[in-house]
Structures are given as structure tokens and as C-alpha cells.
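Chemist: Residue numbers (full-length UniProt numbering): 1 to 783.
Please read through the structure below; I'll follow up with questions.
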Amino acid sequence: MSLAARTGPPRLRHLTHKRTVLGLSTVAVGLAAAHYAGPLTNLAGCRSIAGYGRLREVTPFLWNGPRLSSRAFSSSPSSLLSLTPSLSKLFKFDTASSSQSVMPGLTPPQPAPKWSHTAEDITRLTKEAIEHDRELQDRIAKLKPEECTFESVFLALAEGEAKFDAITEPLSFYQNVSASKELRDASNEAEVLVRDFGVESSMRLDVFETKLAAEKNIKASGRKLNAEEQRLVDKMILEGKRAGLALPEKERDELKALKKELSQVCLEFSKNFNEENGVVSFTLEELKGVPADVVSGYTKRTENGKELYDITHKTPDIFPLFKYAENPETRRRAHESYDDRLAINVPLLDRALELRRKCAALLRYKTWADFVTEVKMIKSGKGIEDFLNDLEQKLRPLGVKEREILLGLKQAEHKAKNLPFDGEFYIWDYRYYDRKFIEESLALDDSLVKEYFPVSVVVPTILEIYQNLLGVRFEEVKGETWHPDVQMFAVWENGAKDENGFVGYCYLDLFPRASKYSHAAVWPLLPGYQRADGKRSYPLAAMVANLAKPTPDRPALMRHDDVVTFFHEMGHVFHGLLSRTQFARFHGTSVARDFVEAPSQMLENWCWEPRVLEKMSSHFETKQPLSADLIDKIVKSRYVNVGLFYLRQLFFAKFDLKVHTDQDATDYTALWNNLRTAISLVKGGKQGPGQGSFGHIVGGYDAGYYGYTYSLVFAADMYATVFKKDPLDPKLGQRYRDSILQPGGSREELDSLKEFLGRLPNSDAFTKELFGNAPSGGVGASL
Ligand SMILES: [Zn+2]
């Protein structure tokens, strides 16, 4: 999930590239990037782009804006401390069946990496890697123009970056998983050094000039590069141009100054976002309906003899209020406080947008959106506009119908409680009636479903499904890892007879512990690529998750949401393992940012297929699979109020697009409120500066919000066109490997999709799925 399309924190080169995209490239460096690139990236990739199956999970995040600080993720509740002892024993991976499929006694042609670094090692090795890479760039920069060739410049740089990443990525990874504070701190500092160096490298005019000379010489010689080599040349040159290196000196300096200010403004915006600590206060009477365990977590105080509860704007505090507070006046007041909470960011956003307009103009792009999308699948601001308009037009009738149903619920409730009813559906009504509708129409009990998903059953079953589908085998390897809970696997082609069948390494770090990254994400720690000596360098992907904890009377159980997340993340792991490219920078998930989630989003569909659900479930006491009735309810829950949900997504995306395509500034508070009413079909109250909390816009998602929905369209198309008829068919799995996973970013994503689908992708499957399954039914028939 990352800006430049990786699932973990991005690699240096992508960062370099990313900073250019972000407009951060020159000076702001370490802190800015470290502050929001990594975690948001992960979020973007995996948490918030979650499939439509997790609407209710995802929405709070979107409403709350992204969490921009890596600090937000690095601490775990102290209660986890007591759980450390060998949680990996919770499930045992069964290699008995797979041992038949791989010749016994095979040894991977590449040893597994060591995980015994000290803090000093981390610092020293990082500095050495930087020094080596700088020397390499210095050497290249000294080449005479006639000495600049594909080999002496592009290939040398590509090899340099692959080696650099292979050393620094695992070292930067310790901060997320190490039990030692000393190591985590050293790792964090190492990452700052790496990011600073990335900025330095991205701005080297001397190296850029050798690239131009080499490109010229290649053309003049009439030499024909292969497609991936040509792509390497084109991408490396484009990066330099996007960083402003092709501009005359005066403009280059101007751009540098603009970017410096831009990064500072963005940093201040996110700092305010992270440090926001306002509250809104209510009496117990006003909080009627909010569950008692939630209320007991609010801070109580006395003011003028009255007991008041302070509710922060953080998700766990304020979202239960939106969902449960019966008094509409309470919800309204809470919402207005929520919308106003970052008014301090309004002038900062104004300034950031102005700076971006100036940067785009200097770099000769019509709009900032055109600049950003040049390196994405969608290619232009106009492309985003067409995509969003088309979807909005299709979704509106569905949303209107859902809104009518929810408004009907509101009318009935107001009548029963003798509350005034003005016929309007407000934004603070949405969560409340969405929840009521689900409770009344589905009667789906999440806690009952959970009993059917013990970790010890789900994890091996999912691995088994992937192995059979994609024709690979996991062989557990006993060896050094960063923590005793971690399981390491050598991954082989099914039926491997010799070391040529080796695929790579996979690490699973699945259980919570203190100071571990607290969400689920995949780090592609080593890329696969062709080495200079002709041999292959093999990839390594690490999944870090926080699966359920056992209690004294129950084993570790997963919610259905967790099952979907695990399946999704494993999709990234296989993207990282099964790619086979010539160059490291195109490996696996290094695809366009607005495509990177599509494969994993597609794979989420398996978790909504009745026969797969049956296969992966087993009640922790009775050992029975889920009943047909429960499966039916789970499947139905996927599409509840999906029209309103996506219209809300479109509102965010359209605001993001408009502010990055307009040539002039406007009143963004008015724009925010007007667009919200017009697109998401909910009425607002007083016009609050909600754009001040739209963190995506400074956190790397500028002109990128559409990507959440855009990749879902491809996911739906791939699934419906190829897999739907038999999601477990290994022949289809092989087709997926060949057309989507193997090429990684080594060619245009659209070409991969065309090959896989046998035609150009379209949004039919996506809309059909939404409309065909919507509980209100049949709305799509007339579209
Ligand atoms: Zn993801």
C-alpha cells in the first residue's frame, strides 16, 4: 500500500520517486517523510482501501481522516505484555501434506537473512550502504558524455538501488517488530538517514545529465533495448524531470523553494491533525443510548454542580456516540464540534493548494492533478473526473433509495418518541440509522460468527487455499527471526525438483505483543531481480498482523473482518513472492499506486464465497462449519447501504480532485459543505471547516483519493470475469500468476489487465455487484 505502490513502508527509490510526486523532494526530507509517508502508506494500502465488505470498519477511518503519525502505530496496549509467551503455538502449520509436493532435502539457493543485528550494526550498515551508493553515483556522475551507456548508467544505478534496498529495508523494519527499544530507535534513525539520502539522490543534477547522455547515446547507436530495459530508462528520466532537474537554474531554484515551503505546510497540517485534543461535553441524559461500557470510558467532571462527560474527537470515543446516541440534538452538536475541530488547518490547506498550483505551472503541467496522475494508471485529472462522474451517476439512484429507507426509519422513530420531524436526513443521522437498519434487517450477530473462526483453523486453511490456487508450497524453516513468535517459510513451486523451483521467503509475525506495529501490513523486505552475474536474487515478504488473543476460556478467535484482512494481506505477500522481473524496482507490488490494492481487493472475494466460508470455519466447541443461514447473513451484510457509502467516498474524491484542478483559489469551506450535500445526499447543519481534517490531502493522497474506488473496479472485474465461476481452480490461479503477479510493475498495469481479462477492463462488474446485491434490490436494472 504505498505511494509508489508497495505494501509496506516504501523502498528508498520509491520514496525518491514518491517525494517527487508529493512535491516534497528537496529539503523537507527525513522528518516530513518519516512523519507521514510510512504509516499512511500502510493504511492506504491495506486498512482503508479494504473491500466493500468492510464498509462499517472502513467508514470511521474515512470520517476521521488518516492517522498520520508513525507514533500512532508503534505503541500497543500494555495488556499485551502478558501475552507474549509463544503465541505461535496457537496454530501449527501442517507441512505433512506439502512435503509430498517438494522434493525432500532441497535447500534454498539463497540463505535466509540474519536477524541478529545490534543497534550499532543497524547504524553502521546503513551508513555504509549510503556511502557506497553515494560513491556509485559520484562515479557515474564523472562519466564523460561518450562513456554514458545503458550499462554504465541505467544498469549500474538499478543494481546499486537493488543492493542498497536489500541492506537498508530489513534494517528499517526492526522499528516495527523488534522487542528491543534500542533496536527500534536505531532502526528509526536509520530510516531517517535513508530518506534524507533519497532526497539527496533525487536532486543530483550531475547524475541526471549522465542519464540524458546515455539515453541519447542509446538512440544514436540504434540499439534496441528490451521492453523492461526501455521502461527503466523512461522511468529514470521521467523521475528527474518531475523533480525539476530539466528546468533552467532559476526555475529549479524557485521550485526548490516552493517545495520546501510546501513540505513545511503539510507537516504543520499533520502535526495539528495528530495533536488535536478538543472535547465536546454532554450530560448522561444527553448520552442516552450510548453503550454503558463506552460511557464509562469518557472523562467525567463536574461543572456548576452538573455532571458532564468529555468526549474526545477520537474514533473510539465519538463514533459510538454517532451510532448510538438517541437524541438527535446530541448527535448534531457532536458532529459540529467534530467538523470544527481543525479550523486551524484551513489557512494551511489554502497555502498548500496555492503552492501546488505554482509547482505544477513551473513543471509545465496544466494542473496538480495532471502532475500527480502522470505516473498512475489513470494518467490525467480528466481521467479521474470522468471516472467519478460516471460512478456518481450510476450510484445516485441507489443512494436515493437507501436514503429513503433510512429516512423512513427516522420518521417512525421520531413519531414514536414524539420528537419533531422536519423531513430531512442529516449527516449526524447517517451512522445512527445505518446501524439501526443493519440491526433490524439482518439480525447478524458478529460475536456468534466469531466463534466459527479460530485462528488455529483459519490461518492454515487460508494458506492451504493460496498454495493450491497458486501452485506453491510453504515449507516451514527453523531459523533465526526477529522474535520467537515469528514463523519462517521457504516457498517453493509445487513439484519443485531442484533449486530452480525456489520462489522466496515468507515470514509471518501474526500475534500481538508490546511495541509491535499494531495493524496488519506486508513489508516486501527483499525484491526479486536478475543479478549482474545472471543469477536470480530471491524475494522476501513479511506479514505483520495482530490476530486475536486467546482468553482463559476461549481460543484465539477472529471476526469475519479479520479473516478478510488476513486474506487481503496474504494477497500482497504473494504479489511480492510470485513476481519475476528483471529489475528490482519493478518487482511485485511496485505497480502504480492506483492499482496496487486491486489484486488483494479481488482476493477478498474469497471470504464472501459460501463454500470457502464453509471450508475455513469450524466452531471452536462443536467443530461445525458455519450454517447456511449464517453464511447467507454474512454475505448479505456486505452490501448494506452501499450506495450511500460510495457516494460519500465520491464526495471526498471530488473535493480532492476539484481543489487540485481549479486554477484559482476559492472558499474551500463552502466547497466542502456544498459538495457534501450535493453528492453524499446528507444535509449538513452550520457550515464547518471540515476540510481542515481531510488529512489525505496533505498525507500523500493529493489528487489520489479516487484510487480507493478505482482499484475496486478492477478487482471486481478480475473476479467476475475470471474467478467467479470457480474461485479455487488452480488453472485460473496460474493465469492470475502469469498475467498479474509475475509482471509486477515491469509493464503498464493496463496491459496486464488486458492480458488477464482478454479485453479492456470496465466498471460493469463493480456496479452490477453493488446493484445486483443491494438489499433495496433492483435499482440497477434500469441503469
Ligand atoms: Zn492492502
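We put the CB at the ideal spot given by N, CA and C, even for glycine.
(1) Just tell me which of LEU363, LYS142, LEU578, GLY423 has its CA closest to the CA of LEU469.
(2) Touching or not, the region 232-242 and the region 318-333, by the rule of three or more beta carbon pairs under 8 Å?
(3) Does the region 401-410 come close enough to the region 703-723 to have 3 or more Cβ pairs within less than 8 Å?
(4) Would you check whether ligand 1 has a heavy atom nearer than 7 Å to the C-beta of GLU597?
(5) Exposed or buried, which one is GLU182 when buried takes at least 16 other CB atoms within 10 Å?
(6) From the DSSP output, which residues share a beta bridge with PHE474?
(7) Using the Cβ count rule (16 or more neighbours within 10 Å means buried), how would you classify LEU547?
(8) Quick one: is PRO727 buried, meaning 16 or more other Cβ sit within 10 Å of its Cβ, or exposed?
(9) For ALA653, which residues of its own chain have a beta-carbon under 8 Å away from its beta-carbon, when the five flanking residues on both sides are left out?
(10) Buried or exposed for GLY745, please, with buried defined as at least 16 other CB atoms from any protein chain shown within 10 angstroms of its CB.
(11) Is there contact between the region 733-744 and the region 690-701, where contact requires at least three CB pairs shorter than 8 Å?
(12) Along the beta strand (DSSP E) that carries MET543, what are the first and last residues, could you check?
(13) Out of GLU191, VAL372, THR666, state which residue places its alpha-carbon closest to the alpha-carbon of ASP350.
(14) List the whole-angstrom C-beta distance separating ALA541 from VAL522, where the pair is believed to meet the contact cut-off of C-beta under 8 Å.
(15) Would you decide whether GLY244 is buried or exposed? Buried here means 16 or more other CB atoms lie within 10 Å of its CB.
(16) Going by beta carbon distance, what residues of the same chain come within less than 6 Å of ARG435, once the five residues before and after it are set aside?
(17) Would you say the beta carbon of HIS696 is closer than 7 Å to some non-hydrogen atom of ligand 1?
(18) Between the beta-carbon of HIS568 and the beta-carbon of LEU603, is there less than 8 Å?
(19) Using DSSP with H/G/I as helix, E/B as strand and the rest coil, what is TRP368?
(20) For ALA246 and LYS211, I'd like the C-alpha separation in whole angstroms.
(21) Run the proximity test for HIS575: is its beta-carbon closer than 7 Å to any non-hydrogen atom belonging to ligand 1?
(22) The alpha helix (DSSP H) that contains TYR452, what's its start and end?
(23) For ligand 1, is there a heavy atom less than 7 Å away from the beta-carbon of HIS568?
(24) Hey, out of THR622, GLY198, PRO539, whose CA is closest to HIS587's CA?
(25) Under three-state DSSP, which class holds ALA521?
(26) For ligand 1, any of its heavy atoms closer than 7 Å to the Cβ of HIS519?
(27) Excluding the 5 residues flanking GLU609 on each side, which residues of the same chain have their C-beta closer than 8 Å to its C-beta?
(28) Using three-state DSSP, classify THR136 as helix, strand or coil.
(29) What three-state label does DSSP hand LYS306 in the structure shown?
(30) Among ALA214, GLU749, GLY684, which one has its Cα closest to the Cα of TRP428?
(31) Put TYR736 into one of helix, strand or coil per three-state DSSP.
(32) Quick one: Cα of SER752 to Cα of ASP656, how far?
(33) According to DSSP, is GLY772 helix, strand or coil?
(34) Check whether the Cβ atoms of ALA179 and HIS519 lie closer than 8 Å to each other.
(35) Compute the distance between the beta-carbons of PRO291 and PRO320, then report whether it is under 8 Å.
(36) Hey, could you find the ends of the beta strand (DSSP E) TYR719 is sitting in?
Modeler: In short, the structure shows the following:
(1) LEU578
(2) no
(3) no
(4) yes
(5) exposed
(6) VAL491
(7) buried
(8) buried
(9) ILE384, LEU388, TYR705, TYR706, TYR708, THR709
(10) buried
(11) no
(12) 540-544
(13) THR666
(14) 6 Å
(15) buried
(16) LYS323
(17) no
(18) yes
(19) helix
(20) 12 Å
(21) no
(22) That residue, TYR452, is in no alpha helix (DSSP H); it is neither H nor E in DSSP.
(23) yes
(24) PRO539
(25) strand
(26) no
(27) PRO727
(28) Note on residue identity: the sequence assigns Leu, not Thr, to residue 136. Three-state DSSP puts LEU136 in a helix.
(29) strand
(30) GLY684
(31) helix
(32) 28 Å
(33) helix
(34) no
(35) yes
(36) Counting along the chain, TYR719 falls outside any beta strand (DSSP E), and DSSP gives it neither H nor E.
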